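For the working numbering, count along the sequence shown from 1 and bump the result up by 21.
Think of the CB as a built atom: it goes at the ideal place given N, C-alpha and C, for glycine as much as any other residue.
It should be emphasised that the depicted structure is a prediction, and the values quoted were computed from it without experimental measurement.
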Amino acid sequence: MKAEISSVVLLNPEKQIYAYCTRTTERAYPNWSYIGLGLQHDMILYLKKNDYRCHDKRLRYHAFPELRNMKY
Numbered sequence: 022m023k024a025e026i027s028s029v030v031l032l033n034p035e036k037q038i039y040a041y042c043t044r045t046t047e048r049a050y051p052n053w054s055y056i057g058l059g060l061q062h063d064m065i066l067y068l069k070k071n072d073y074r075c076h077d078k079r080l081r082y083h084a085f086p087e088l089r090n091m092k093y
């Protein structure tokens, strides 16, 4: 399994809404699966699977080993 997290993006400067994405692959499903997360004042506004904004070419993704090591 591979896991990556994007850099944080300021979606709405007036309302101070920030967002980032995670993406993962698994051996059985080699294509990326995305989850988008929006935050305002340290509270989650939304959590959306396969959020279209996560495909933006301007996002930079980085290794996210903590997600791979989670137990759930």
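query                                                                                                  : result
R48 to K23 span [Cα, whole Å]                                                                          : 9 Å
Contact between the segment 70 to 90 and the segment 29 to 48 (3+ Cβ pairs under 8 Å)                  : yes
Helix, strand or coil at L80 according to DSSP, with G and I counted as helix                          : coil
DSSP three-state assignment for Y50, whether helix, strand or coil                                     : coil
Buried versus exposed call for I65 [16 or more other C-beta atoms within 10 Å across all chains shown] : exposed
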